[in-house]
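Residue numbers (full-length UniProt numbering): 1 to 81. Where is the CB? At the ideal position from N, CA and C, for every residue including glycine.
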Amino acid sequence: MKASSPPPHQQQPLSPPDIPSGSLLNLETLLAALDAIEIYISSQGREEIEDEERSGRPVTESTPENIEEIRSIISDDLILQ
1 MKASSPPPHQ QQPLSPPDIP SGSLLNLETL LAALDAIEIY ISSQGREEIE DEERSGRPVT
61 ESTPENIEEI RSIISDDLIL Q
């Protein structure tokens, strides 16, 4: 019976000579894809990856005032108790 190898998260990292050549090809493909994405984003006039501010529902915040307001609403509503 052949001994099973440990799960991937428990294996020792590979040194460069042990890395299969296909893995390097995958890395090259990934880098090429990232370059293509960067070129596309630049061509759209965007320099940042963050979303631009836009109209619509505002971002919600958890503040002590908001928390107290919700607690008050819950305590006043008999169905939610």
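Quiz prompt | Distance between Glu50 and Arg41 (C-alpha atoms, nearest Å) | solution = The residue labelled residue 41 in the question sits at position 41 within the sequence shown. The residue labelled residue 50 in the question sits at position 50 within the sequence shown. Just to set this straight, residue 41 is Ile in the shown sequence, not Arg. One Cα belongs to Ile41, the other to Glu50, and the distance between them is close to 12 Å.
Quiz item: With DSSP run on the structure shown, which of helix, strand or coil describes Ile79?
Solution: Position 79 of the sequence shown, counted from the start, is the residue given in the question as residue 79. Coil at Ile79, not helix or strand.
Self-check item: Between the CA atoms of Leu78 and residue 84 - distance to the nearest angstrom
Solution: No information on residue 84 is available, as it lies outside the stretch 1 to 81 that the chain covers here.
Quiz item: By Cβ distance below 8 Å, which residues in the same chain neighbour Leu31 in space, the five residues on each side in sequence not counted?
Solution: Counted from its first residue, the sequence shown places residue 31 at position 31. Contacts found: none.
Quiz item: Under three-state DSSP, which class holds Glu38?
Solution: Position 38 of the sequence shown, counted from the start, is the residue given in the question as residue 38. Collapsing the DSSP output to three states places Glu38 in a helix.
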